[in-house]
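As given, the protein sequences belong to chains A and U, one line each in that order.
Sequence positions in the first sequence follow the working numbering and run 1 to 219.
Sequence positions in the second sequence follow the working numbering and run 1 to 219.
Below is one structure; the comments refer to it alone.
2 protein chains.
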Amino acid sequence: MLNETAMAVLEQAGATEPEKRIRDRSATERAIVKAAKNLLAEEGFQNFGINAVARRAGCDKQLIYRYYGGLNGLVEAIGADLGNWVKDRIPEDAGGMFLLTYGDLMERLSLLFLEALREDPLMRRIVAWEVSENTEQVKRLSEARSKALGQWLDRMRGSLAPPKGVDVAAVNALIFASIQHLVLAAAAGGQCAGLALKNGKDWEKAATALKRLVRGVYG
Amino acid sequence: MLNETAMAVLEQAGATEPEKRIRDRSATERAIVKAAKNLLAEEGFQNFGINAVARRAGCDKQLIYRYYGGLNGLVEAIGADLGNWVKDRIPEDAGGMFLLTYGDLMERLSLLFLEALREDPLMRRIVAWEVSENTEQVKRLSEARSKALGQWLDRMRGSLAPPKGVDVAAVNALIFASIQHLVLAAAAGGQCAGLALKNGKDWEKAATALKRLVRGVYG
DNA sequence: ACTGTTACTCACCGATTGGTGACAGACCGG
DNA sequence: CCGGTCTGTCACCAATCGGTGAGTAACAGT
Chain A
1 MLNETAMAVL EQAGATEPEK RIRDRSATER AIVKAAKNLL AEEGFQNFGI NAVARRAGCD
61 KQLIYRYYGG LNGLVEAIGA DLGNWVKDRI PEDAGGMFLL TYGDLMERLS LLFLEALRED
121 PLMRRIVAWE VSENTEQVKR LSEARSKALG QWLDRMRGSL APPKGVDVAA VNALIFASIQ
181 HLVLAAAAGG QCAGLALKNG KDWEKAATAL KRLVRGVYG
Chain U
1 MLNETAMAVL EQAGATEPEK RIRDRSATER AIVKAAKNLL AEEGFQNFGI NAVARRAGCD
61 KQLIYRYYGG LNGLVEAIGA DLGNWVKDRI PEDAGGMFLL TYGDLMERLS LLFLEALRED
121 PLMRRIVAWE VSENTEQVKR LSEARSKALG QWLDRMRGSL APPKGVDVAA VNALIFASIQ
181 HLVLAAAAGG QCAGLALKNG KDWEKAATAL KRLVRGVYG
């Protein structure tokens with residue numbers, strides 16, 4: 001794939017084959033990051049390598065080494081955007097107004113998170129990556145992600161007091177763990193622990209079960 | 001690695017270097033399967049290939065093609081044992097006697113499953129594999145596993161009536177999903193959604209949170 | 001003891017991987 | 001205009017991958 005500018009030039013000139021690439025470093029960098037993200041989202045981390053990214057970005061892998069210092073740096077660059085994921089993916093004003101209890105809040109946030117994760121293949125791959133490998137790359141991604149998630153939870157909680165006598169951190173970890181595994185298993189095989197997760201009806205069942213689970217602990 | 005018999009012979013003879021391999025097909029087959037299991041458990045599915053298995057089994061990869069028809073057949077052979085996992089790993093009489101309600105049962109089973117999964121690296125890798133890839137191999141493993149799990153649940157339930165008005169299948173799927181992701185994340189990075197999971201104390205917290213979650217839905 | 005089968009090893013294939021050094025051309029300041 | 005820097009390309013490296021065909025050594029039956 002060429003730069004957008006390069007494509008425009010070629011099309012305008014009526015050229016049939018890509019001759020030269022426009023010398024635009026920042027555009028190339030963006031193309032590389034975009035290619036890496038798409039590749040990771042579509043193919044998964046299995047075949048995620050320098051060659052594959054360069055091939056998809058339509059540039060030489062040498063540039064990845066030069067601009068990002070290799071795959072590690074590129075992954076790090078991807079992880080840098082991860083902090084804004086929640087902000088980009090979930091409406092900020094989704095809660096806060098009609099949520100009277102902590103249970104209301106967590107039910108809402110759980111469903112929002114479920115929905116957001118379902119619709120973001122890149123994030124799904126990253127989560128799957130986190131539980132499959134333990135390299136330094138993945139650790140960075142994982143930390144960025146969980147940090148952003150925690151901040152999101154705190155921000156949404158606002159001044160709402162969490163229930164006493166309950167290990168909120170542990171319970172919430174379990175809740176979000178269930179959501180993540182459910183979505184990952186569904187994306188991979190269309191089911192989770194025997195529960196089919198394909199059409200919208202299946203997901204409605206899962207959503208009501210999730211609500212019930214959250215309501216069970218948080219009143 | 002050589003056959004056990006071969007090792008014995010060599011040691012008895014005082015040989016320092018492995019000269020020949022005993023011609024024992026079934027022993028070699030067992031060595032291959034064992035090597036594959038250990039490799040998968042220790043290294044994960046990332047570097048799980050014909051060459052690596054053969055190297056660890058101490059035999060030529062050609063034998064894997066001959067005896068199992070390639071990696072697929074070998075994985076299938078591994079998956080065949082998976083049906084007995086619950087039986088091997090979890091005490092059969094663990095429930096049934098003092099469990100009066102469905103909530104008692106599920107609390108017990110959840111904790112048993114959590115414990116069993118924590119102590120089985122091979123099974124953890126397989127679960128991680130399931131949510132990371134969608135090949136035919138993995139599908140077979142996944143099906144065998146979820147089938148065995150479902151049968152186990154049914155068997156342990158016995159004649160205990162599940163609560164009405166609750167989508168038991170969906171709720172249980174979420175519960176087991178949470179356990180699986182918790183254990184996987186812990187094994188990979190020592191934490192899950194910001195919750196540390198390293199020493200026994202951490203796991204006690206997680207266990208009580210899990211109990212609370214289960215008790216919340218199932219009275 | 002000869003023969004055929006079984007168990008096993010070895011050498012090689014093309015493809016792909018991560019990684020590096022050398023080179024060509026566009027751009028910019030002098 | 002010239003020289004240096006920046007951007008991008010290409011050729012090549014050793015290593016490893018999955019896969020195959022040919023060959024060797026041990027066994028069993030006769």
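The beta carbon of each residue, even a glycine, is placed where N, CA and C say it ideally should be.
Could you work out which residues of chain A lie near Gln180 of chain U, taking near to mean beta carbons separated by less than 7 Å? At a beta-carbon threshold of 7 Å, the residues of chain A lying near Gln180 of chain U are His181, ordered along the chain.
Report the residues of the segment 152–171 of chain U with a CB closer than 8 Å to any CB of chain A, ordered along the chain. If you check each beta-carbon in the segment 152–171 of chain U against every beta-carbon of chain A, the ones closer than 8 Å belong to Val166, Asp167, Ala169, Ala170, Val171.
Sequence-distant residues of its chain with Cβ nearer than 7 Å to Asp60 of chain U (five each side left out): Excluding residues within five positions, the ones whose Cβ falls inside 7 Å are Ala54.
Round the Cβ separation of Leu182 of chain A and Leu184 of chain U to the nearest angstrom and send it over; I've been treating them as touching at under 8 Å. Their Cβ separation, rounded to whole angstroms, is 13 Å, which puts Leu182 of chain A and Leu184 of chain U out of contact at 8 Å.
Looking at the secondary structure, which residues open and close the alpha helix (DSSP H) in which Asp167 of chain A lies? From DSSP, Asp167 of chain A is part of no alpha helix (DSSP H); its letter is neither H nor E.
For Val46 of chain A, decide whether its Cβ has a neighbour in chain U, counting only Cβ atoms nearer than 9 Å. Rather than Val, the amino acid found at residue 46 of chain A in this sequence is Gln. Answer yes: the Cβ-Cβ gap between Gln46 of chain A and chain U drops below 9 Å somewhere.
Could you give the DSSP three-state label for Gln191 of chain U: helix, strand or coil? Gln191 of chain U falls in the strand class under three-state DSSP.
Validate contact between the segment 98–107 of chain U and the segment 143–151 of chain U using beta carbons, cut 8 Å, 3 pairs: Output reads no: the segment 143–151 of chain U does not touch the segment 98–107 of chain U.
What residues match up with Ala196 of chain A in a beta bridge as DSSP calls it? DSSP lists A:Gln191 as partners of Ala196 of chain A.
Residues near Leu160 of chain U by beta carbon distance below 8 Å, same chain, minus five either side: A distance below 8 Å between beta-carbons, with the five flanking residues on each side excluded, links Leu160 of chain U to the following residues of its chain, in chain order: Leu99, Thr101, Tyr102, Leu105.
Relative to the alpha-carbon of Glu119 of chain A, which residue among A:Gln191, A:Arg145, A:Ala187 has its alpha-carbon at the smallest distance? Among A:Gln191, A:Arg145, A:Ala187, the Cα nearest to that of Glu119 of chain A belongs to A:Ala187.
Contiguous beta strand (DSSP E) assignments of at least 3 residues, all confined to the segment 63–104 of chain A: None, since the segment 63–104 of chain A contains no complete beta strand (DSSP E) of that length.
If you draw a straight line from the C-alpha of Arg25 of chain U to the C-alpha of Gly49 of chain U, how long is it? Between Arg25 of chain U and Gly49 of chain U, the alpha-carbon positions lie close to 21 Å from each other.
Leu213 of chain U versus Thr135 of chain A - alpha carbon distance: Approximately 32 Å between the Cα atoms of the pair.
What are the start and end residues of each continuous alpha helix (DSSP H) run of 4 or more residues lying completely inside the segment 130–183 of chain A, in chain order? Within the segment 130–183 of chain A, the complete alpha helix (DSSP H) runs of at least 4 residues are 136–157.
I want to verify the contact list: residues of chain U whose CB lies under 9 Å from the CB of Phe176 of chain A, in sequence order. Simply Ser178, His181, Cys192, Ala193.
Could you name the residues of the same chain whose beta carbon sits closer than 8 Å to that of Ala193 of chain A, not counting the 5 residues immediately before and after it, in chain order? Contacts found: Ala185.
C-alpha distance - Val131 of chain A paired with Ala128 of chain U, whole-angstrom precision: Approximately 6 Å between the Cα atoms of the pair.
For Ala116 of chain U, decide whether its Cβ has a neighbour in chain A, counting only Cβ atoms nearer than 9 Å. Taking Cβ atoms only, chain A never reaches closer than 9 Å to Ala116 of chain U, which makes this a no.
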